[in-house]
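Below: the structure, in structure tokens.
There are 4 protein chains.
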Amino acid sequence: MEDYCCHTKHTPRDEKMVKNLKQRLNRIAGQLNGVSKMIDENRYCGDVLIQIAAIENALKEVGYIVLKDHMMTCVSDDIKNNDFSSLEEAIEITKKLK
Amino acid sequence: MEDYCCHTKHTPRDEKMVKNLKQRLNRIAGQLNGVSKMIDENRYCGDVLIQIAAIENALKEVGYIVLKDHMMTCVSDDIKNNDFSSLEEAIEITKKLK
Amino acid sequence: MEDYCCHTKHTPRDEKMVKNLKQRLNRIAGQLNGVSKMIDENRYCGDVLIQIAAIENALKEVGYIVLKDHMMTCVSDDIKNNDFSSLEEAIEITKKLK
Amino acid sequence: MEDYCCHTKHTPRDEKMVKNLKQRLNRIAGQLNGVSKMIDENRYCGDVLIQIAAIENALKEVGYIVLKDHMMTCVSDDIKNNDFSSLEEAIEITKKLK
Chain U
30 MEDYCCHTKH
40 TPRDEKMVKN
50 LKQRLNRIAG
60 QLNGVSKMID
70 ENRYCGDVLI
80 QIAAIENALK
90 EVGYIVLKDH
100 MMTCVSDDIK
110 NNDFSSLEEA
120 IEITKKLK
Chain B
30 MEDYCCHTKH
40 TPRDEKMVKN
50 LKQRLNRIAG
60 QLNGVSKMID
70 ENRYCGDVLI
80 QIAAIENALK
90 EVGYIVLKDH
100 MMTCVSDDIK
110 NNDFSSLEEA
120 IEITKKLK
Chain E
30 MEDYCCHTKH
40 TPRDEKMVKN
50 LKQRLNRIAG
60 QLNGVSKMID
70 ENRYCGDVLI
80 QIAAIENALK
90 EVGYIVLKDH
100 MMTCVSDDIK
110 NNDFSSLEEA
120 IEITKKLK
Chain Y
30 MEDYCCHTKH
40 TPRDEKMVKN
50 LKQRLNRIAG
60 QLNGVSKMID
70 ENRYCGDVLI
80 QIAAIENALK
90 EVGYIVLKDH
100 MMTCVSDDIK
110 NNDFSSLEEA
120 IEITKKLK
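Residue numbers (the numbering used here), protein chains in the order written: chain U, 30 to 127; chain B, 30 to 127; chain E, 30 to 127; chain Y, 30 to 127.
Listed below in structure tokens is the structure:
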């Protein structure tokens, strides 16, 4: 099944990592909600922007956790089979991440 | 009140812009929720990363809408009074935005 | 003359700033040359990449020095005349800077 | 020799790639020189900034060419030997690239 990560082939994604990712995503959702409230309360733009910069950094961290996991599992498995296509794809995606 | 944007001094933030910003923030919250589901469903990491890159871009747009509004109102008012401190602050914050 | 910065209208660009910018650009040119040599000497890719990241940061600094100067002079003058076009343009350019 | 890229272990870096990289670095050096001249000629800040953004993009391209080469050779060789340290290192460096 192409749509699913190679994790499913052997073992599910590491539970600890899934928990870590979901906690981070929840925290980011909370921060986004905070920005929404700040706009409702007509708060100082500078403070809104600092909060947005913080969310961007938190999101970048999530992206790199997923990327690292992908590289250490799916991509590495492919490399061991002399298939470099997923590596090339991962590098192209990385270029698009902040 | 230093904590509040200069908008409050004269007029509240433009309603249209507030609506636009809140719609964007809602959409981003939905996208974040989508990423969370993708992780639950053990979806392909490459697809998760593409989604994260999309959220990063959407968030960057929100940041620049807030920045532009800030520059066109608060910062411009200060500049007209020969006060460049909010401009300097805004540039420092911009450096931190993606 | 549209091609020239508003500095020319009144005074030339601050000499100190020009010197600062040119020193930074020279240093970056030297760093670039260093990367070229590292490639000739078949140096470790990781070290080449760290050097490239350093150049990117140095270039970002130069960009923000020019941006700040632009905002504090040309853009501010226009704002005082209720012309926001150069501010809008500057924000669009900032989005393209790293 | 730790300082040298794994290329030296087997074969030198691909000549074509070295030529490509050096051409790109030369072009960037020329662009930097152009910015220096623009500053001397007191050219419009907006144009200087657009040129700096172009250099940043060109530099990012160079970084990703080196990264991809590194991943396809050194890092992949290590992965095949179940050594993931260079992959982890490469991901950390990627975070620092623009």
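No residue lacks a Cβ here, since even glycine has one placed at the ideal position from N, Cα and C.
Check the C-beta distance from residue i over to residue j and give it rounded, since I have them as a contact under 8 Å.
i, j, result
"residue 51 of chain E", "residue 120 of chain Y", "About 36 Å; that fails the 8 Å criterion."
"residue 46 of chain E", "residue 98 of chain E", "6 Å"
"residue 100 of chain U", "residue 96 of chain Y", "Not really, about 12 Å apart at Cβ, beyond 8 Å."
"residue 108 of chain B", "residue 108 of chain E", "5 Å"
What residue from the options has the CA that sits closest to residue i's CA?
i, options, result
"residue 43 of chain Y", "Y:107, Y:83, Y:84 and Y:94", "Y:94"
"residue 74 of chain B", "U:110, U:82 and U:92", "U:92"
"residue 64 of chain B", "U:71, U:53 and U:82", "U:53"
"residue 82 of chain E", "E:118, E:61, E:49 and E:110", "E:61"
"residue 72 of chain B", "U:103, U:72 and U:71", "U:103"
With a threshold of 16 other CB atoms inside 10 Å of the CB of residue i, please say whether the residue is buried or exposed.
i, result
"residue 66 of chain Y", "exposed"
"residue 114 of chain B", "exposed"
"residue 32 of chain E", "Reliability of the predicted coordinates at residue 32 of chain E is poor, the pLDDT of 46 falling under 50, and the value obtained from them is presented with this limitation in mind. That one is exposed."
"residue 30 of chain B", "Because residue 30 of chain B sits at a pLDDT of 41, beneath the cut-off of 50, its placement in the model cannot be relied upon, and the point is left open."
Do residue i and the ligand GDP come close, with the Cβ less than 7 Å from some heavy atom?
i, result
"residue 103 of chain B", "No copy of the ligand GDP occurs in the structure displayed, which carries no ligand at all."
message = Check whether the region 52 to 61 of chain E and the region 81 to 90 of chain E touch, using three or more Cβ-Cβ pairs below 8 Å as the test.
response = With a cut-off of 8 Å on Cβ pairs, the region 52 to 61 of chain E is in contact with the region 81 to 90 of chain E, counting three or more such pairs.
Query raised in the report: Would the region 117 to 127 of chain Y and the region 73 to 83 of chain E be scored as touching if the rule is three or more Cβ pairs under 8 Å?
Result: Using a Cβ-Cβ distance cut-off of 8 Å, the region 117 to 127 of chain Y and the region 73 to 83 of chain E are in contact, since at least three pairs of beta carbons, one from each stretch, lie closer than that value.
Within the region 58 to 127 of chain Y, ranges of the alpha helix (DSSP H) (whole runs, at least 4 residues)
The region 58 to 127 of chain Y contains these whole alpha helix (DSSP H) runs: 74 to 99, 105 to 109 and 114 to 125.
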